[in-house]
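Participant: Input: one structure, supplied below.
2 protein chains.
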Amino acid sequence: MSNIKDIAKLAGVSITTVSRVLNNHPYVKDEKRKKVLQVIEELNYQQNVNAIHLVKGKTFMLGVILPYADHPFFQSIVGGIIQAAASNKIAVVICPTNYSQIEELKYLEMLKKKQVDGIIICSRANKWEVILPFAEYGSLVACELTEEISCAYTDHYDAFSSALNFLIEKGHKSIGYSVARIDSTSSKTRFSAYHDVLTKNNLPINESFIFSDCLDIEDGKRIVKELIRLKERPTALLVTGDGVAAGVLLQAKVEGIHVPDELSIIGFDNQPFSEALELTTIDQHLKEIGETAFDLFLHGKQQKICVPFEMVVRKTVSKL
Amino acid sequence: MSNIKDIAKLAGVSITTVSRVLNNHPYVKDEKRKKVLQVIEELNYQQNVNAIHLVKGKTFMLGVILPYADHPFFQSIVGGIIQAAASNKIAVVICPTNYSQIEELKYLEMLKKKQVDGIIICSRANKWEVILPFAEYGSLVACELTEEISCAYTDHYDAFSSALNFLIEKGHKSIGYSVARIDSTSSKTRFSAYHDVLTKNNLPINESFIFSDCLDIEDGKRIVKELIRLKERPTALLVTGDGVAAGVLLQAKVEGIHVPDELSIIGFDNQPFSEALELTTIDQHLKEIGETAFDLFLHGKQQKICVPFEMVVRKTVSKL
DNA sequence: CTGAAAGCGCTTACAG
DNA sequence: CTGAAAGCGCTTACAG
Numbered sequence: 044m045s046n047i048k049d050i051a052k053l054a055g056v057s058i059t060t061v062s063r064v065l066n067n068h069p070y071v072k073d074e075k076r077k078k079v080l081q082v083i084e085e086l087n088y089q090q091n092v093n094a095i096h097l098v099k100g101k102t103f104m105l106g107v108i109l110p111y112a113d114h115p116f117f118q119s120i121v122g123g124i125i126q127a128a129a130s131n132k133i134a135v136v137i138c139p140t141n142y143s144q145i146e147e148l149k150y151l152e153m154l155k156k157k158q159v160d161g162i163i164i165c166s167r168a169n170k171w172e173v174i175l176p177f178a179e180y181g182s183l184v185a186c187e188l189t190e191e192i193s194c195a196y197t198d199h200y201d202a203f204s205s206a207l208n209f210l211i212e213k214g215h216k217s218i219g220y221s222v223a224r225i226d227s228t229s230s231k232t233r234f235s236a237y238h239d240v241l242t243k244n245n246l247p248i249n250e251s252f253i254f255s256d257c258l259d260i261e262d263g264k265r266i267v268k269e270l271i272r273l274k275e276r277p278t279a280l281l282v283t284g285d286g287v288a289a290g291v292l293l294q295a296k297v298e299g300i301h302v303p304d305e306l307s308i309i310g311f312d313n314q315p316f317s318e319a320l321e322l323t324t325i326d327q328h329l330k331e332i333g334e335t336a337f338d339l340f341l342h343g344k345q346q347k348i349c350v351p352f353e354m355v356v357r358k359t360v361s362k363l
Numbered sequence: 044m045s046n047i048k049d050i051a052k053l054a055g056v057s058i059t060t061v062s063r064v065l066n067n068h069p070y071v072k073d074e075k076r077k078k079v080l081q082v083i084e085e086l087n088y089q090q091n092v093n094a095i096h097l098v099k100g101k102t103f104m105l106g107v108i109l110p111y112a113d114h115p116f117f118q119s120i121v122g123g124i125i126q127a128a129a130s131n132k133i134a135v136v137i138c139p140t141n142y143s144q145i146e147e148l149k150y151l152e153m154l155k156k157k158q159v160d161g162i163i164i165c166s167r168a169n170k171w172e173v174i175l176p177f178a179e180y181g182s183l184v185a186c187e188l189t190e191e192i193s194c195a196y197t198d199h200y201d202a203f204s205s206a207l208n209f210l211i212e213k214g215h216k217s218i219g220y221s222v223a224r225i226d227s228t229s230s231k232t233r234f235s236a237y238h239d240v241l242t243k244n245n246l247p248i249n250e251s252f253i254f255s256d257c258l259d260i261e262d263g264k265r266i267v268k269e270l271i272r273l274k275e276r277p278t279a280l281l282v283t284g285d286g287v288a289a290g291v292l293l294q295a296k297v298e299g300i301h302v303p304d305e306l307s308i309i310g311f312d313n314q315p316f317s318e319a320l321e322l323t324t325i326d327q328h329l330k331e332i333g334e335t336a337f338d339l340f341l342h343g344k345q346q347k348i349c350v351p352f353e354m355v356v357r358k359t360v361s362k363l
């Protein structure tokens with residue numbers, strides 16, 4: 044590959060001038076500009092971005108930290124980020140941690156190494172106190188509500204309460220739910236909502252109705268298998284995500300449990316296939332969360348933006 | 044941020060020595076190594092990767108070209124690529140083209156700009172003749188069968204023929220199908236298979252049974268809406284992907300068409316939710332295609348690897 | 001085992 | 001409008 048020096052020599056100008064035409068600076072005599080452009084064309088020249096990145100201290104790249112690159116929940120957020128990034132000429136590199144703190148830390152180091160200008164954290168393995176120091180080296184944005192940095196988030200308390208109230212209004216008194224990691228911030232928030240809403244309605248809280256580590260269709264099946272062993276069963280389930288809900292639906296059919304007559308289900312995320320499953324679900328507008336997070340990164344605004352959720356009522360909840 | 048010079052000064056050695064300990068070279072006196080390591084620790088130093096990339100002419104980054112970042116088909120392939128890349132310390136940047144030739148070209152230029160070491164092309168907008176010249180600047184891998192470069196692919200002719208034969212064995216004589224872009228290579232291949240298998244079985248080819256531009260659930264609904272207008276209808280449909288199939292299922296229910304009794308359906312991709320839909324589908328092992336493509340990139344092997352598909356029989360095909 | 005020096009390919013004051 | 005020179009932060013022969 045030819046470099047800026049080759050161009051300069053062949054065009055009979057200095058590399059400064061070449062750089063100027065490359066960057067569309069004014070004050071280059073038209074004649075020289077044309078000559079330079081012509082040589083660039085002839086040599087099929089392209090700038091080496093690594094040199095530019097080094098000199099500018101910026102890369103126009105953005106890292107996205109998430110646990111699983113192949114989970115629909117994160118794919119939806121990432122979809123929003125990537126689309127927004129593409130229209131702003133920012134390259135996105137996907138950083139799957141599998142919730143390993145070590146891996147996550149390595150990705151955060153990309154900031155110090157000047158590999159990326161910023162990082163959007165979709166979900167994290169480390170505590171904020173270990174993540175925050177990295178904000179010094181670039182822009183950090185979260186997809187959960189947090190004191191410390193900019194974020195685009197769902198109000199999980201509100202969303203979960205709404206779903207709960209929806210079920211209670213339908214006459215359900217015995218409600219279970221599932222979460223992913225039991226000790227995650229959002230799981231704790233959900234438990235608060237669960238506790239508060241049930242207490243307010245004088246409904247008993249049954250811890251055996253809470254299922255953890257539920258991420259995908261197989262976990263959904265497991266929920267139903269565990270459910271049928273219970274002496275007392277919930278009449279409704281608030282499920283982590285639509286993938287899990289699909290598993291619940293599937294296994295319920297296997298076990299001869301009729302949905303929604305014997306078991307009502309509300310999912311989360313409103314994935315495209317949920318419509319085909321006729322699943323009642325809470326749409327958190329994940330794509331919009333991604334787009335908003337990107338915007339926060341791009342403009343370096345210090346803001347906390349709550350993205351509204353939406354209840355999508357279909358056919359998996361019955362009136363008792 | 045401190046740089047290698049600072050470290051050298053504080054440790055009382057040359058930058059060469061610092062570079063040596065940074066890169067785990069032998070031949071550094073233990074005492075100096077320790078001192079350097081200590082200063083690095085103190086200053087919380089990290090190498091600037093842009094300088095390294097510049098000097099080495101490599102970035103350990105990989106671009107992935109695809110039309111839509113939010114389509115399950117591509118997400119599955121990308122999932123495989125990212126996972127394989129992560130365990131090999133390669134960063135992946137996602138490049139959504141929306142099938143714009145211009146955009147695709149810009150992404151290919153990343154190779155010339157030394158931004159990435161290679162590119163995996165999941166699906167392309169440009170002709171091979173415009174893409175191939177870029178192979179000079181880095182490693183190019185395709186996810187479709189192609190003469191010119193390494194590839195990990197599905198034998199679409201075989202897969203499509205198998206599905207067709209499966210339906211014919213069940214007694215279907217009137218079979219339709221859908222594709223995404225009508226003039227894509229794989230669509231042409233599918234038409235060949237369709238033509239050949241039907242002809243071999245003395246079955247008529249009905250062009251009005253071919254639906255194009257089918258990508259998602261909405262397109263699936265459209266298929267059914269178009270279907271019911273036909274004087275003569277197919278008894279079975281081979282659908283582009285499971286998302287489209289979900290739409291067909293949904294709209295069939297709306298129109299009161301019973302699946303599979305009145306309409307048999309075979310999807311493609313075996314997405315996680317397909318199980319919940321009880322959809323008969325062809326699993327192309329997309330994740331494996333992604334992993335294989337990555338392997339081809341990493342090892343720079345010049346190979347064409349056919350990834351086997353698999354028919355997953357569930358409940359959307361009836362025996363006539 | 002160690003370091004001075006050249007080089008990777010750019011950008012950007014600065015001086016004219 | 002133009003160019004020489006310094007600098008971005010590294011690696012790597014080369015010489016010792």
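Heads up: the protein sequence lines correspond to chains A and B, in order.
Going by my numbering, the residue at position 304 of the first sequence is 347; the numbering climbs one at a time, nothing skipped.
Going by my numbering, the residue at position 78 of the second sequence is 121; the numbering climbs one at a time, nothing skipped.
Note that CB positions come from ideal geometry on N, CA and C, so glycine has one too.
1. When you compare each of B:VAL136, B:GLN346, B:ASP226, B:GLY299 to GLY122 (chain A) by their alpha carbons, which one comes out closest?
2. From B:THR359, B:CYS138, B:THR335, B:GLN81, pick the residue whose C-alpha is nearest to that of THR323 (chain B); which is it?
3. Less than 6 Å between C-beta atoms, sequence neighbours within five positions excluded: which residues of the same chain meet that for ALA54 (chain A)?
4. Going by C-alpha to C-alpha distance, which of A:VAL159, A:LYS155, A:LYS149, A:GLY181 sits closest to ASN169 (chain A)?
5. Taking beta-carbon pairs under 7 Å, can you tell me which members of the region 88-100 of chain B lie near chain A?
6. Output the distance between the C-alpha atoms of TYR349 (chain B) and ARG276 (chain A), rounded to the nearest integer angstrom.
7. Return the bridge partner residues of ASP259 (chain B) from the DSSP annotation.
8. Would you report the Cα separation of GLY181 (chain B) and ASN91 (chain A), rounded to the nearest angstrom?
9. Using 10 angstroms around the beta-carbon of VAL222 (chain A), count the other beta-carbons present and answer buried if the total reaches 16, otherwise exposed.
10. Quick one, are the C-beta atoms of LEU86 (chain A) and ILE50 (chain A) less than 9 Å apart?
11. For the beta strand (DSSP E) holding TYR142 (chain B), just list the boundary residues, first then last.
12. Is the CB of SER119 (chain A) under 9 Å away from at least one CB in chain B?
13. List the residues of chain B that GLN126 (chain A) touches, going by C-beta distances under 8 Å, in chain order.
14. Residue range of the alpha helix (DSSP H) that ILE162 (chain A) falls in?
15. Can you check the region 254-306 of chain A for any alpha helix (DSSP H) of at least 4 residues that lies completely inside it and give the ranges in chain order?
16. With a threshold of 6 Å on Cβ separation, who are the neighbours of VAL240 (chain B) within its own chain once the five nearest residues in sequence on each side are excluded?
17. Mind checking if PHE316 (chain A) is an interface residue toward chain B, Cβ cutoff 9 Å exclusive?
18. Under a Cβ-count criterion, where at least 16 other Cβ atoms within 10 Å of its own Cβ denotes burial, should LEU151 (chain A) be classed as buried or exposed?
19. Check the DSSP bridge columns for ILE218 (chain B) and list the partner residues they point to.
20. If you drop the 5 nearest sequence neighbours on each side, which residues of the same chain put their C-beta closer than 7 Å to that of ASN244 (chain B)?
21. Whole-angstrom Cβ separation of LYS185 (chain B) and PHE337 (chain B), contact assumed at under 8 Å?
22. Within its chain, find whatever has a CB closer than 7 Å to the CB of LEU188 (chain A); leave out the 5 residues flanking it on each side and keep chain order.
23. With 16 as the cutoff for other CB atoms within 10 Å, does GLN144 (chain A) come out buried or exposed?
24. Would you say ASP160 (chain B) reaches chain A, if we count a Cβ-Cβ gap shorter than 9 Å as a contact?
25. What in chain A is Cβ-close to GLU30 (chain B), meaning under 8 Å?
26. Name the chain B residues that come within less than 8 Å of LYS77 (chain A), Cβ to Cβ?
27. Could you give the C-beta distance for ILE225 (chain A) and LEU281 (chain A), rounded to a whole number, given that I count them as a contact under 8 Å?
28. Mind checking which residues open and close the beta strand (DSSP E) that includes LYS182 (chain B)?
29. Is DSSP giving SER317 (chain A) helix, strand or coil here?
30. Leaving aside the five residues before and after VAL287 (chain A) along the sequence, list all residues of the same chain whose C-beta is less than 8 Å from its C-beta, in chain order.
31. Let's see if you can read the secondary structure: which residues bound the alpha helix (DSSP H) around THR323 (chain B)?
32. Starting from GLU212 (chain B), trace the alpha helix (DSSP H) in both directions and tell me its first and last residue.
33. Hey, could you find the ends of the beta strand (DSSP E) LEU109 (chain B) is sitting in?
34. With a threshold of 16 other CB atoms inside 10 Å of the CB of ILE162 (chain B), please say whether the residue is buried or exposed.
35. Please name the residue or residues paired with VAL360 (chain B) in a DSSP beta bridge.
36. Between the Cα of VAL107 (chain A) and those of A:PHE340, A:ALA236, A:LYS216, spot the shortest distance and give me the residue it belongs to.
Facilitator: So, from the data block:
1. B:VAL136
2. B:THR359
3. LYS78, VAL79, VAL82
4. A:LYS149
5. GLN89, GLN90, ASN91, VAL92, ASN93, ALA94, HIS96, LEU97
6. In the sequence under discussion, the amino acid at residue 349 (chain B) is Cys, which differs from the Tyr named in the question. About 49 Å.
7. According to DSSP, ASP259 (chain B) bridges with nothing at all.
8. 14 Å
9. buried
10. yes
11. No beta strand (DSSP E) contains TYR142 (chain B), which DSSP labels as neither H nor E.
12. yes
13. ALA112, ASP113, PRO139
14. Counting along the chain, ILE162 (chain A) falls outside any alpha helix (DSSP H), though it belongs to the beta strand (DSSP E) covering 161-164.
15. 260-270, 285-298
16. SER204, LEU207
17. yes
18. buried
19. B:ALA279
20. ILE211
21. Looking at the sequence itself, residue 185 (chain B) is Ala, so the reference to Lys does not match. No, ALA185 (chain B) and PHE337 (chain B) are not in contact; Cβ-Cβ is about 13 Å, not under 8 Å.
22. CYS194, TYR196, LYS347
23. exposed
24. no
25. Residue coverage of chain B in this structure runs from 44 to 363, which leaves residue 30 (chain B) outside it and unanswerable.
26. Per Cβ cutoff of 8 Å: no residues; LYS77 (chain A) is ~22 Å from chain B at best.
27. At roughly 15 Å, the Cβ-Cβ gap does not stay under 8 Å, so ILE225 (chain A) and LEU281 (chain A) are not in contact.
28. Note that residue 182 (chain B) is Ser in the sequence shown, not Lys. Its beta strand (DSSP E) spans residues 182-185.
29. helix
30. SER221, CYS257, LEU258, ASP259, ILE260, ASP262, GLY263, ILE266, GLY310
31. From DSSP, THR323 (chain B) is part of no alpha helix (DSSP H) but of the beta strand (DSSP E) over 323-326.
32. 199-212
33. 104-109
34. buried
35. DSSP, once it has assigned bridges, lists no residue as partnering VAL360 (chain B).
36. A:PHE340
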